[in-house]
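**Q** Handing you this structure, nothing more for now.
In this note's numbering, the protein residues as written are 1167 to 1429.
So, in structure tokens, the structure goes:
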């Protein structure tokens, strides 16, 4: 299995990060992608990169998250380019980037500025992007159509319409589904999981956030990924192993460097 979105760098894992990774291995989770939120955390994320065999492979992404707009500076965009130059063999994507219109007091103009600039960086370095989107799919899709990124990306925690989903897929994107689908109230998202092409789906936890149903109020961890896997298999009436293999291959097709394909 591949957890395509896990903030393993967050302080919530400082006390048991290695133990958590060992537990992931026991749960047959072989790969995790760790996206950044702020520039100050990039060095910590880069240290978590790991491609050693017989351990959980850790892919990393660098970017500026729209939720932390007040922490971003113009200079961080140049820093991003420099980091990608110096760590070209390490960084798999630009992310977590995007637009969040659910933030009532956030500056949308500024959000848009950082988002478009980071899309340009991804285009320059031929990297995929990991997208954060809340109530902004149409605006994000508009920009993606303009940039036409060669390597697409992943739409994290997808919650849009079927029409929007298929537009992302046409642009070369995979759609991330996590703990939301373990809740019965998520009927629309569950229906999407059941009907979209399997080739478009990837698993995620968004740990330490987005706890699964039955675990509300607790820290989410990547070890919970099998709950997402089993729910998708149930919704699609498909074998668990089939979903595990397909979603892993889907994530690797976006995030793995050439020649680096580990199940």
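Ideal Cβ positions, reconstructed from N, Cα and C, are used throughout, including at glycine.
With distance defined between alpha-carbon atoms, name the residue in 1270, 1215, 1181, 1189 nearest to residue 1138.
**A** Nothing can be reported for residue 1138: it is not among the residues displayed for the chain, which extend from 1167 to 1429.
**Q** Would you call residue 1268 buried or exposed, if buried means 16 or more other Cβ atoms sit within 10 Å of its Cβ?
**A** Reading the chain shown from its first residue, position 102 is the one you call residue 1268. Residue 1268 comes out exposed.
**Q** In the DSSP assignment, what residue or residues form a beta bridge with residue 1168?
**A** Along the chain shown, one-based indexing puts residue 1168 at 2. Answer is 1197.
**Q** On the CB-based measure, 16 or more other CB atoms within 10 Å of its CB, does residue 1361 come out buried or exposed?
**A** Residue 1361 sits at position 195 when you count from the first residue of the chain shown. Exposed, since its Cβ has fewer than 16 Cβ neighbours within 10 Å.
**Q** Is the CB-CB distance between residue 1340 and residue 1420 below 8 Å?
**A** Counting from 1 along the chain shown, the entry for residue 1340 is found at position 174. Counting from 1 along the chain shown, the entry for residue 1420 is found at position 254. Contact: yes.
**Q** Distance check for residue 1379 and residue 1314, CA to CA, integer angstroms please.
**A** As a working note, residue 1314 is residue 148 in the chain shown. As a working note, residue 1379 is residue 213 in the chain shown. Going by the C-alpha atoms only, they are around 37 Å apart.
**Q** Consult DSSP for residue 1349 and reduce its assignment to one of helix, strand or coil.
**A** Taking the chain shown and counting its residues from 1, the one referred to as residue 1349 is at position 183. In the structure shown, residue 1349 sits in coil (DSSP, three-state: anything other than H, G, I, E or B).
**Q** Quick one: Cα of residue 1176 to Cα of residue 1278, how far?
**A** Here residue 1176 refers to the residue found at position 10 when the chain shown is read from its first residue. Here residue 1278 refers to the residue found at position 112 when the chain shown is read from its first residue. Approximately 25 Å between the Cα atoms of the pair.
**Q** Taking all protein chains shown into account, decide if residue 1167 is buried (16 or more other Cβ within 10 angstroms of its Cβ) or exposed.
**A** Here residue 1167 refers to the residue found at position 1 when the chain shown is read from its first residue. So residue 1167 ends up on the buried side.
**Q** By a C-beta neighbour count over all protein chains shown, 10 Å radius and 16 as the cutoff for buried, is residue 1403 buried or exposed?
**A** The residue given as residue 1403 occupies position 237 in the chain shown. Classification of residue 1403: exposed, given that the 10 Å Cβ count is below 16.
**Q** Please report the Cβ distance between residue 1190 and residue 1405, rounded to the nearest whole angstrom; I am assuming they are in contact, meaning their Cβ atoms lie under 8 Å.
**A** For the purposes of this step, residue 1190 is taken as the residue at position 24 of the chain shown. For the purposes of this step, residue 1405 is taken as the residue at position 239 of the chain shown. Actually they do not touch by this definition, with Cβ atoms about 22 Å apart.
**Q** Assign residue 1222 to one of two classes, buried (16 or more other C-beta atoms within 10 Å of its C-beta) or exposed (fewer than that).
**A** If you number the chain shown from 1, residue 1222 lands on position 56. Residue 1222 comes out buried.
**Q** Which full runs of the beta strand (DSSP E) of 3+ residues lie inside the segment 1249-1304, going along the chain?
**A** You should have 1257-1266, 1295-1300.
**Q** Is the beta carbon of residue 1356 closer than 8 Å to that of residue 1401?
**A** Taking the first residue of the chain shown as 1, we reach residue 1401 at position 235. Taking the first residue of the chain shown as 1, we reach residue 1356 at position 190. A contact, by the Cβ cut-off of 8 Å.
**Q** Output needed for residue 1186: all residues of its chain with C-beta closer than 8 Å, excluding positions within five of it in sequence on either side, in chain order.
**A** The residue labelled residue 1186 in the question sits at position 20 within the chain shown. The residues are 1174, 1179, 1387, 1388, 1389.
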